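K.L.:
Note that numbering that gives the first Met the number 0 numbers the sequence shown so that position 13 is 12, with each residue one more than the last.
Glycine residues also receive a C-beta, built at the ideal position from the N, C-alpha and C atoms.
Just so you know, these numbers come straight off a predicted model, no measurement behind them.
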Amino acid sequence: MQIDIARTLYATPPTAAILISTIDKNNRNNIAPFAWWNVVSKDPPLIAVSIKPTTHTYRIIKEKAEFTIGIPEPGLLDAVYQSAQLDRESDEFGKLGLTAVSPSKITSPKIKECQVNIECRFRNEFECGDHFLIIGEVVAVDVRDELVHEDDAVMRNNLTPLAHITGNKFITMEGTILEASAPQTGGKSGKEKHDEPITHRHYYSIIFLFSP
Ligand SMILES: Cc1cc2nc3c(=O)[nH]c(=O)nc-3n(C[C@H](O)[C@H](O)[C@H](O)COP(=O)(O)O)c2cc1C
C-alpha cells in the first residue's frame, strides 16, 4: 500500500534513543534525546546525528565543538522522554535524576546512569532539509565493566537500548513496548510534538528491527 511520503519515518524501524549532553560557555549543562543517529565511519570512528538547528543542543555543539552521547537503558525511560521537554534549566541533570560524571577528553559531562558514554569532537556538518547532520569524531568511549569481555571486546548483545517508536512510546530489545510519563511541569516552548498515532506499520518495523 502506498503511504504519504510525509510519513516516510514511520515506515522505517525504530532506532535507539541517545541522550546528548553538552555544556555551554556559561557552564550550563543541557541534556536532550535524539534518535536519528548512527556510526558512519570506523576509521576514524565517526558518529552522525541529525539535529534540528533550533535546539539548544545544536547551538551548544556549534559553540563548544563537542558533545557526549549517553546510551540509556530502559530504566531511564522517563528521563529520556522528559529531557526533551524541560525548560532550559540550570541543572538539567538534577531535574532528570541523572548524575554528571567528568569526561576524559572534552568538557561535556558523561551520564553515570548510561551504559555507554561516547565523547565526540565536532568535525563537520551537512544541512539536511529541516535538520543538520552533525558529524562527531569519537575521542573517548566509556562502557560499563559488565559489557566488556576479557579481550576488551564490547559484548554488543549485552547492550539494552531503548528504541524510540514515536511520541512517548519506546521498545526494548525484548519487544516490550513502554510508555514514558510526561514531565509534571510545563514543557519547552517550541518543543517537538511526538503525537503520531501508533499503527500496525510500526509493529512491522519493530519485527524488522529485531530480525537477524
Ligand atoms: C526519543 C526522542 C528522540 C528524538 N530525536 C530527535 C532527533 O533525532 N533529532 C532532533 O532534532 N530532535 C529529536 N528529538 C526532539 C528533541 O529532543 C527536542 O527538540 C528537544 O527539545 C531538544 O532539546 P534541546 O533544545 O535542549 O537541545 C527527539 C525527541 C525524543 C523524545
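#1: Which parts of the segment 91-136 are runs of the alpha helix (DSSP H), unbroken and 4 residues or longer, counting only runs that do not cross its ends?
#2: Looking at the C-beta of tryptophan 36, does it have a partner C-beta in chain B at a distance below 9 Å?
#3: Should isoleucine 105 go down as buried or exposed, given a rule of 16 or more other Cβ atoms within 10 Å for buried?
#4: In chain order, what residues of the same chain have a beta carbon less than 7 Å from the beta carbon of tyrosine 57, not counting five sequence neighbours either side?
#5: For glycine 189, count neighbouring Cβ atoms within 10 angstroms of its own Cβ and tell me buried if that reaches 16, exposed if not.
#6: Take every Cβ of the segment 67-87, pair it with every Cβ of the segment 10-23, and state whether three or more of those distances are shorter than 8 Å.
#7: Quick one: complete alpha helix (DSSP H) runs, 4+ long, within the segment 29-90?
#8: Tell whether a beta-carbon distance below 9 Å holds between leucine 177 and glutamine 114.
#9: Give me whichever residues DSSP pairs with glutamate 178 in a beta bridge.
#10: In the DSSP output, what is alanine 162 paired with across the bridge?
#11: Report whether the distance from the Cβ of threonine 184 to the nearest heavy atom of ligand 1 is below 8 Å.
#12: Tell me isoleucine 261's beta-bridge partners as DSSP assigns them.
#13: Are alanine 83 and alanine 31 touching if we call contact CB-CB under 9 Å?
#14: Output the distance between the C-alpha atoms of isoleucine 197 and alanine 162, rounded to the nearest integer angstrom.
#15: Does ligand 1 have even one heavy atom less than 8 Å from the beta-carbon of isoleucine 50?
#16: Could you tell me whether the Cβ atoms of glycine 135 and isoleucine 59 are closer together than 9 Å?
#17: Which same chain residues, not among the five before or five after serine 89, have their C-beta less than 7 Å away from its C-beta?
#18: Would you report the Cα separation of threonine 175 and isoleucine 70, rounded to the nearest angstrom?
#19: Just how far apart, CA to CA, sit glycine 93 and glutamine 1?
#20: If you reduce the DSSP assignment to three classes, tell me which class lysine 190 lands in.
#21: Check whether the Cβ of isoleucine 46 sits closer than 8 Å to any heavy atom of ligand 1, and report yes or no.
P.N.:
Judging by the given coordinates:
#1: 91-95
#2: The structure shown has no chain B; it contains just one protein chain.
#3: buried
#4: Ile50, Lys51, Phe131
#5: Confidence at glycine 189 is low in this model, with a pLDDT of 38, below 50, so its placement is unreliable and no value can be given for it.
#6: yes
#7: 55-63, 76-81
#8: no
#9: Lys168
#10: Ala15, Ile170
#11: no
#12: Residue 261 is absent from the structure shown; the chain starts at 0 and stops at 211.
#13: yes
#14: Caution is warranted here: a pLDDT of 37 is assigned to isoleucine 197, below 50, making its placement in the model unreliable, and no coordinate value can be reported.
#15: yes
#16: no
#17: Arg27
#18: 18 Å
#19: 46 Å
#20: Because the pLDDT of lysine 190 is 41, which lies under 50, any placement of that residue in the model is unreliable, and the question is left without a value.
#21: no
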